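Q: Going by my numbering, the residue at position 121 of the sequence shown is 466; the numbering climbs one at a time, nothing skipped.
Virtual Cβ for every residue (Gly too), placed ideally from N, Cα, C.
Since this is a predicted model, take the numbers as computed values, not measurements.
This is the structure I want to talk about, given as structure tokens.
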Amino acid sequence: MFVTPKENPIFASLNSYYVNIERLIEHFQGEVGCGALSFKSSSSEGILFFDKDEILNGIYFQKNNELTGSEAVDQLIQLSESTNFSLNVYLLRAEDIYFWSTMPNAQRIYQDLTTEFTDLEGLIKKMKSEGLTGFIEVVIGDANGEGLIFFNNGQVSGGSYSWGSGDSRREEEDQEKLVQLTKDHGGAFHVSRIPMDEKNIASETDDDLNPEEVLEKPSTRIVTAMEEMMAIFERTVSAQKNIPSDFATLLNRKFVEKADRYPFLDPFAAEFKYAEEKIKFDGDTTDKELTQGVLESIKELAAELDALTQFKSNLVTWMKKYSEEVKLFDIKL
Numbered sequence: 346m347f348v349t350p351k352e353n354p355i356f357a358s359l360n361s362y363y364v365n366i367e368r369l370i371e372h373f374q375g376e377v378g379c380g381a382l383s384f385k386s387s388s389s390e391g392i393l394f395f396d397k398d399e400i401l402n403g404i405y406f407q408k409n410n411e412l413t414g415s416e417a418v419d420q421l422i423q424l425s426e427s428t429n430f431s432l433n434v435y436l437l438r439a440e441d442i443y444f445w446s447t448m449p450n451a452q453r454i455y456q457d458l459t460t461e462f463t464d465l466e467g468l469i470k471k472m473k474s475e476g477l478t479g480f481i482e483v484v485i486g487d488a489n490g491e492g493l494i495f496f497n498n499g500q501v502s503g504g505s506y507s508w509g510s511g512d513s514r515r516e517e518e519d520q521e522k523l524v525q526l527t528k529d530h531g532g533a534f535h536v537s538r539i540p541m542d543e544k545n546i547a548s549e550t551d552d553d554l555n556p557e558e559v560l561e562k563p564s565t566r567i568v569t570a571m572e573e574m575m576a577i578f579e580r581t582v583s584a585q586k587n588i589p590s591d592f593a594t595l596l597n598r599k600f601v602e603k604a605d606r607y608p609f610l611d612p613f614a615a616e617f618k619y620a621e622e623k624i625k626f627d628g629d630t631t632d633k634e635l636t637q638g639v640l641e642s643i644k645e646l647a648a649e650l651d652a653l654t655q656f657k658s659n660l661v662t663w664m665k666k667y668s669e670e671v672k673l674f675d676i677k678l
């Protein structure tokens with residue numbers, strides 16, 4: 346994954362034609378100790394992370410070709426002799442450099458979350474509770490800046506901010522400013538996880554798993570029943586006057602509220618998606634849990650929008666069509 350520091354570079358727009366990359370890094374190892382060197386051309390880009398002693402890691406990206414580690418380092422150094430790269434040098438804190446050096450291996454887990462249905466404070470709390478080792482990338486609305494918040498085992502461990510200098514000690518103040526800017530201007534969030542050491546993953550054998558654990562999928566009939574119910578509810582809500590927001594936003598906000606009880610509804614997890622009167626479900630749960638989660642969410646939202654009476658009326662035909670499921674799962678409005 347290609348991520349660059351959000352601060353302004355300490356040296357910008359150097360031309361790789363006139364630079365020896367290894368000597369340039371050696372110079373800044375002596376001058377600043379820890380940092381990053383980014384490369385950008387019309388067709389490719391990359392970044393190298395270094396401390397005072399060595400180049401720690403790198404990533405090279407060109408269309409569908411991505412290299413990390415020593416391959417990326419060698420590729421960038423070699424190409425810099427023949428490719429017109431624009432080079433930027435960034436100052437990084439010594440306590441953050443090893444975190445930065447693992448970022449090329451990060452995996453995106455949540456993408457394009459917006460302030461329409463969640464807020465940055467809530468997302469930070471969620472990542473703490475999930476024990477995230479990784480980072481949240483924040484793009485503030487109206488081009489008002491960017492930021493990164495680092496997590497190590499669920500604890501905020503640092504960050505990078507477009508108004509920062511690269512060696513800031515104002516972590517709490519910067520994080521508070523980032524949160525406030527997203528409240529004032531909106532924004533989008535992307536969450537990435539830095540995977541465990543491969544040797545730790547490899548050490549997990551079948552003996553570590555619960556052999557009695559059986560993952561269940563909801564039946565096709567229940568998924569169809571729920572999407573038909575949600576379609577009726579969407580049409581009911583759309584016919585209302587003075588609705589505070591669009592249906593998808595209202596629904597996702599309610600699902601966020603229900604995520605602790607029904608994790609599969611969590612929009613961040615992207616297991617349950619409803620759009621264009623269709624449900625796409627990629628998670629594991631039972632028919633009963635899916636029915637309860639959807640019904641509870643819809644009932645509460647209908648009541649909040651003063652649409653429950655009309656929804657009950659519109660659902661009469663559905664109740665008859667799925668009378669067996671209504672009895673089996675005690676569906677009541």
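Quick one: is Ser590 buried, meaning 16 or more other Cβ sit within 10 Å of its Cβ, or exposed?
A: Exposed, by the Cβ-count rule.
Q: Any idea if Tyr363 is buried or exposed, counting beta-carbon neighbours within 10 angstroms, 16 or more meaning buried?
A: Flag for Tyr363 reads exposed.
Q: Taking the alpha-carbon of Ala357 as reference, which of Val418, Phe406, Asn365 and Leu432 has the nearest alpha-carbon?
A: For Ala357, the nearest C-alpha among the options comes from Leu432.
Q: Just list the alpha helix (DSSP H) runs in the segment 440-520, keeping only unbroken ones of 4 residues or longer that don't cross its boundaries, in chain order.
A: As far as the segment 440-520 is concerned, its whole alpha helix (DSSP H) runs of at least 4 residues are 442-445 and 465-474.
Q: Is the CB-CB distance between Lys473 and Gln500 below 9 Å?
A: The answer is yes: Cβ separation under 9 Å.
Q: What residue does the alpha helix (DSSP H) around Leu369 start on, and which one ends it?
A: Per DSSP, Leu369 belongs to the alpha helix (DSSP H) from Ile366 to Glu376.
Q: For Ile624, report the span of its beta strand (DSSP E) as first-last.
A: Per DSSP, Ile624 belongs to the beta strand (DSSP E) from Lys623 to Phe626.
Q: Just verifying my parser: in three-state terms, what is the DSSP assignment at Asn659?
A: Correct three-state label for Asn659: helix.
Q: What separation, rounded to the nearest whole angstrom, lies between the Cα atoms of Tyr435 and Glu352?
A: Near 8 Å, if we compare the C-alpha coordinates of Glu352 and Tyr435.
Q: Of the choices Val536, Lys528 and Lys603, whose alpha-carbon is the least far from that of Glu461?
A: Selected option, being the one with the closest Cα: Lys528.
Q: Return the CA-CA distance between Ser505 and Ile676, expressed in angstroms with no decimal places.
A: So the alpha carbons of these two residues sit roughly 49 Å apart.
Q: Per DSSP, what kind of secondary structure is Thr413 in: helix, strand or coil?
A: In the structure shown, Thr413 sits in a strand (DSSP, three-state: E or B).
Q: Can you give me the Cβ contacts of Ser502 inside the same chain, cut-off strictly under 6 Å, excluding the 5 residues immediately before and after it?
A: Closer than 6 Å at the Cβ level, and outside the excluded window around Ser502, lie Phe495.
Q: Tell me, which residues are paired with Glu561 by DSSP?
A: In DSSP, Glu561 forms no bridge with anything.
Q: List the endpoints of the continuous beta strand (DSSP E) containing Gln407.
A: Residues Ile400 to Gln407.
Q: Just confirm the distance between the C-beta atoms of Ile577 and Leu660, as a whole number of angstroms; I'd bet it's less than 8 Å.
A: With a Cβ gap of about 6 Å, Ile577 and Leu660 count as contacting.
Q: Exposed or buried, which one is Pro540 when buried takes at least 16 other CB atoms within 10 Å?
A: The residue in question, Pro540, is exposed, as its Cβ has fewer than 16 Cβ neighbours within 10 Å.
Q: Indicate the three-state DSSP secondary structure (helix, strand or coil) for Glu426 in the structure shown.
A: If DSSP states are grouped into helix, strand and coil, Glu426 belongs with coil.
Q: At which residues does the beta strand (DSSP E) containing Arg538 begin and terminate?
A: Residues Gly532 to Arg538.
Q: If you check the beta carbons only, do Asn429 and Asn360 fall under 9 Å apart?
A: Yes, Cβ-Cβ distance for Asn429 and Asn360 is below 9 Å.
Q: What residues in its chain sit with their C-beta under 7 Å from that of Ser564, if we drop five residues either side in the sequence?
A: Excluding residues within five positions, the ones whose Cβ falls inside 7 Å are Asp632.
Q: Thinking C-beta only, is Asn402 closer than 9 Å to Leu412?
A: No.
Q: In the DSSP assignment, the beta strand (DSSP E) including Ser358 goes from what residue to what residue?
A: Taken as a continuous stretch (DSSP letters only), the beta strand (DSSP E) holding Ser358 covers Phe356 to Asn360.
Q: So, are the CB atoms of Asn597 and Thr447 less than 9 Å apart?
A: For Asn597 and Thr447, no; Cβs fall outside 9 Å.
Q: Here's the rule: buried if 16 or more other CB atoms are within 10 angstroms of the residue's CB, otherwise exposed. What is Gln420?
A: Under this definition Gln420 is a buried residue.
Q: Name the one or two DSSP bridge partners that Lys618 has.
A: DSSP output for Lys618 lists Lys625 as bridge partner(s).
Q: Would you mind reading off the limits of the beta strand (DSSP E) that contains Ile392?
A: Glu390 to Phe395 is the span of the beta strand (DSSP E), which, as asked, contains Ile392.
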